[in-house]
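In the numbering used here, the protein residues as written are 1159 to 1408.
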């Protein structure tokens, strides 16, 4: 933050960034004071700072958020969901899901409970694994709400197959890292009351049960990918045998 302050002190963009930081900390009044300064420097009618002002006003009306957990773990906007139900635009729903999931992924990165047991390199690796998990689904255009545990349970093996195919270095270590990251996220969500603990337990059982079959597909596909004697057509047939027709290939 000190580097940012030295690089562009007093600009509307920098002040708006500081507003976001204070909002994460739960300091709504400090955030409002900084936002007032940012708006004085940026008078554009449709500025992102204007939207930030409306968000802060909504937070204040709701009495929070009290801290970063409340800010990041809040549910998707009810008004936006109602609007999507009346809309035929799939891009709007996609955008809402991606934005909601990004907040939960950031909460996973910031969770102080993880600091007690994990080395910094391991924490970073698991955060990357979680990002890869969601980005694989997002590239296909159908990411589940991370808060929707039933959808994640249902789609988990397919997302893992997508990761196996689209990530050139996906192996046993990456599989174990991804499983740990997904379970770590839902352990956080269950602990904070964002999802029922029973749903977390059901997801954990399913991941443990599915892991051996997923590992078999990972190993089988890596053998296909690394076999220099196989033609493109041979690889296509082998991939269909391993994964079935549902998984797309690049």
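All residues carry an ideal CB built from backbone N, CA and C; glycine is no exception.
The structure presented is a predicted model; accordingly, all values stated were derived computationally and were not measured.
Cα-Cα separation between residue 1289 and residue 1325, rounded to whole angstroms:
12 Å
DSSP three-state label for residue 1328, please.
coil
State the CB to CB distance for the pair residue 1372 and residue 1315, rounded to an integer number of angstroms; the pair is presumed to be in contact (CB under 8 Å).
6 Å
Determine contact between the segment 1277-1289 and the segment 1332-1351, defined as no fewer than three beta-carbon pairs at a distance below 8 Å.
yes
Quick check on the burial criterion: 16 or more other C-beta atoms within 10 angstroms. Buried or exposed for residue 1344?
buried
Beta-carbon spacing of residue 1173, residue 1190 below 7 Å
no
Are the segment 1350-1361 and the segment 1374-1392 touching by the rule of at least three beta carbon pairs closer than 8 Å?
no
What is the rounded straight-line gap between the Cα of residue 1176 and the Cα of residue 1188?
9 Å
Given that a residue counts as buried once 16 or more other Cβ atoms are within 10 Å of its Cβ, and exposed if not, what is residue 1161?
The predicted position of residue 1161 is uncertain, since its pLDDT is 36 and thus under 50; no value can be drawn from it.
How about residue 1269 and residue 1193: are their beta carbons less than 7 Å apart?
no
Indicate whether residue 1254 and residue 1304 have their beta-carbon atoms separated by less than 7 Å.
no
Closest residue to residue 1318 among 1197, 1368, 1359, 1363 (Cα-Cα distance):
1368
Could you check how far apart the C-beta atoms of residue 1296 and residue 1320 are, in whole angstroms? I think they sit under 8 Å.
Not confirmed; about 10 Å, so no contact.
Going along the chain, which residues of its own chain have a beta-carbon closer than 7 Å to the beta-carbon of residue 1392, five neighbours each way excluded?
none
Express the C-alpha separation of residue 1400 and residue 1383 in angstroms, rounding to a whole number.
12 Å
Simplified DSSP assignment, three categories, for residue 1322
helix
Local Cβ density within 10 Å of residue 1180, reported as buried at 16 or more and exposed below that:
buried
Residue range of the unbroken alpha helix (DSSP H) whose run includes residue 1368
1355-1384
According to DSSP, is residue 1388 part of a helix, a strand, or is it coil?
coil
For residue 1341, three-class secondary structure by DSSP:
helix
Kindly indicate which three-state DSSP category residue 1315 falls into: helix, strand or coil?
helix
Residue 1204 to residue 1323 span [Cα, whole Å]:
Low local confidence applies: a pLDDT of 47 at residue 1204 is under 50, so the model's placement there is unreliable, with the coordinate-based value given in what follows. Near 42 Å, if we compare the C-alpha coordinates of residue 1323 and residue 1204.
Counting contacts by CB-CB distance shorter than 7 Å, is residue 1260 in contact with chain B?
The structure shown contains no chain B, having only a single protein chain.
Do the CB positions of residue 1285 and residue 1231 come within less than 7 Å of each other?
no
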